[in-house]
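Data first, discussion second: the structure below is written as structure tokens.
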Amino acid sequence: MAKASRERPEALDELETHLREEVDCLVRAGTAADQAFDLAISRLGTPAALSAEFDKLEEMRRAKWRPATLAQWACLAVSVFVFLWMVYRVDHGIMTLLLASHVLAVLIGYVTMFIIGGLAICYVFAGWFQRTGPSQRYALHRAILRLSAISAVFTTIGTVLGMIWAKQNWDRYWAWDPKESGAVIILACALVTIALARFKPASHCALVLMAITGNIGTAWGWFGTNAGGAFPLLAAFIASQCLILLAFSATALRRPERAEG
Numbered sequence: 055m056a057k058a059s060r061e062r063p064e065a066l067d068e069l070e071t072h073l074r075e076e077v078d079c080l081v082r083a084g085t086a087a088d089q090a091f092d093l094a095i096s097r098l099g100t101p102a103a104l105s106a107e108f109d110k111l112e113e114m115r116r117a118k119w120r121p122a123t124l125a126q127w128a129c130l131a132v133s134v135f136v137f138l139w140m141v142y143r144v145d146h147g148i149m150t151l152l153l154a155s156h157v158l159a160v161l162i163g164y165v166t167m168f169i170i171g172g173l174a175i176c177y178v179f180a181g182w183f184q185r186t187g188p189s190q191r192y193a194l195h196r197a198i199l200r201l202s203a204i205s206a207v208f209t210t211i212g213t214v215l216g217m218i219w220a221k222q223n224w225d226r227y228w229a230w231d232p233k234e235s236g237a238v239i240i241l242a243c244a245l246v247t248i249a250l251a252r253f254k255p256a257s258h259c260a261l262v263l264m265a266i267t268g269n270i271g272t273a274w275g276w277f278g279t280n281a282g283g284a285f286p287l288l289a290a291f292i293a294s295q296c297l298i299l300l301a302f303s304a305t306a307l308r309r310p311e312r313a314e315g
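In our numbering, the protein residues as written are 55 to 315.
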């Protein structure tokens with residue numbers, strides 16, 4: 055166990071998280087807090103057994119989940135497509151370089167949030183129709199962290215470039231108009247998702263719920279004030295996301311996360 059801790063500094067953090075989860079599970083089952091702690095310690099096993107478990111954990115972290123891989127490739131494909139589209143528009147004088155850079159960054163940031171939400175929905179449906187385990191959770195967690203960081207970075211860059219463009223053309227940086235307010239909503243969704251994915255201990259269910267909530271925030275922030283005749287489609291999309299949120303919440307309450315592994 056000491057060797058595992060030296061080779062993988064995060065091993066002790068993982069052990070502490072596992073111990074806390076075990077204690078919480080026992081307390082929810084009705085065990086007294088002090089007894090729950092002693093019982094959780096006894097269930098951890100011998101150092102050799104713990105080392106074997108950490109080896110399994112490393113294998114799970116390296117495991118791939120196809121939807122997570124596809125989501126990351128989709129993000130790259132969208133980025134390349136939008137970049138080429140913006141190059142075309144600048145080359146033909148349709149946009150200035152500054153405006154095209156703003157649109158490029160914003161589109162990548164916003165679409166990435168939808169990709170995150172779609173990935174979370176894939177995980178929800180996978181959990182309903184087949185058994186999901188720790189390897190899927192790790193792959194989902196890793197992909198959401200990476201993609202939400204990409205979304206936050208590009209949304210921030212796009213917002214700053216938009217402010218510079220607004221100053222040059224409208225003589226003001228910020229006016230809290232619908233598009234600017236929408237950018238704040240989407241950036242907030244990305245940052246909250248990062249926080250849930252990055253900082254421990256974090257509930258896996260909360261991360262999935264936030265990823266789907268990001269779909270709602272992005273849809274409203276991007277299209278909500280400019281939907282026009284398409285507003286019924288926007289409302290239907292948001293309603294569908296709310297139904298998935300409610301259904302997943304009900305499922306998670308009936309079947310704790312630990313039962314998945």
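For every residue, glycine included, the Cβ atom is placed at its ideal position computed from N, Cα and C. For clarity, every value in this text was computed on a predicted model and none was experimentally measured.
Identity of the residue in CYS296, VAL238, ALA237 nearest ALA265 by Cα
Taking the first residue of the sequence shown as position 1, residue 265 is located at position 211. When C-alpha distances from ALA265 are compared across CYS296, VAL238, ALA237, the shortest belongs to CYS296.
Using beta-carbon positions only, say whether LEU161 and ALA197 come within less than 8 Å of one another.
Position 107 of the sequence shown, counted from the start, is the residue given in the question as residue 161. Position 143 of the sequence shown, counted from the start, is the residue given in the question as residue 197. Inclusion of LEU161 and ALA197 in the CB contact set at 8 Å is not warranted, their separation being larger than that value.
Exposed or buried, PHE155, counting other C-beta atoms within 10 Å across all chains shown (16 or more means buried)?
For the purposes of this step, residue 155 is identified with residue 101 of the sequence shown, where counting begins at 1. Strictly speaking, residue 155 in this sequence is Ser, with Phe absent from that position. So SER155 counts as buried.
Quick check on the burial criterion: 16 or more other C-beta atoms within 10 angstroms. Buried or exposed for GLN190?
As a first step, residue 190 must be located in the sequence shown, where it is residue number 136. So GLN190 ends up on the buried side.
GLU90 versus ALA83 - alpha carbon distance
Taking the first residue of the sequence shown as position 1, residue 90 is located at position 36. Taking the first residue of the sequence shown as position 1, residue 83 is located at position 29. A small correction: the amino acid at residue 90 is Ala; Glu does not occupy that position in the sequence shown. Taking the Cα positions, ALA90 is about 10 Å away from ALA83.
Buried or exposed: GLY283, going by 16 or more other Cβ atoms within 10 Å of its Cβ?
Taking the sequence shown and counting its residues from 1, the one referred to as residue 283 is at position 229. By the neighbour-count rule (16 or more Cβ atoms within 10 Å), GLY283 is not buried but exposed.
By the 10 Å Cβ neighbour count, where 16 or more other Cβ atoms means buried, how is VAL141 classified, buried or exposed?
Looking up residue 141 in the sequence shown gives position 87. Exposed: under 16 other Cβ atoms inside 10 Å.
Assigned secondary structure, HIS146 (DSSP; H/G/I helix, E/B strand, else coil)
Mapped onto the sequence shown, residue 146 falls at position 92. Reduced to three states, the DSSP call for HIS146 is coil.
Reduced DSSP secondary structure (H/G/I, E/B, other) of ASP225
Within the sequence shown, numbered from 1, the residue matching residue 225 stands at position 171. DSSP, reduced to helix, strand and coil, places ASP225 outside both helices and strands of the structure shown, so it counts as coil.
Assuming ALA180 and THR186 make a contact with CB atoms under 8 Å, what is their CB distance in whole Å?
Counting from one through the sequence shown, the residue named residue 180 turns up at place 126. Counting from one through the sequence shown, the residue named residue 186 turns up at place 132. Yes, they are in contact, since the Cβ atoms of ALA180 and THR186 sit about 5 Å apart, within 8 Å.
According to DSSP, simplified to helix, strand and coil, what is TRP230?
Reading the sequence shown from its first residue, position 176 is the one you call residue 230. Annotated three-state conformation of TRP230 is coil, per DSSP.
How is the alpha helix (DSSP H) around TRP182 delimited, first residue to last?
The residue you call residue 182 lines up with position 128 of the sequence shown. Where TRP182 is concerned, the enclosing alpha helix (DSSP H) stretches over 151-183.
Go ahead and pull the three-state DSSP assignment for PHE91.
Here residue 91 is taken as the residue at index 37 of the sequence shown, counted from 1. DSSP places PHE91 in helix when its eight states are reduced to three.
By Cβ distance, which residues of its chain are closer than 7 Å to SER202, with the 5 residues on each side in sequence left out?
Reading the sequence shown from its first residue, position 148 is the one you call residue 202. For SER202, where only same-chain residues beyond five positions count, the Cβ hits under 7 Å are ILE170, ALA244, THR247, ILE248, ALA251.
Quick check: what's the CA-CA separation for ALA260 versus ALA86?
Residue numbering aside, residue 260 sits at position 206 when the sequence shown is read from its first letter. Residue numbering aside, residue 86 sits at position 32 when the sequence shown is read from its first letter. The C-alpha of ALA260 lies about 26 Å from the C-alpha of ALA86.
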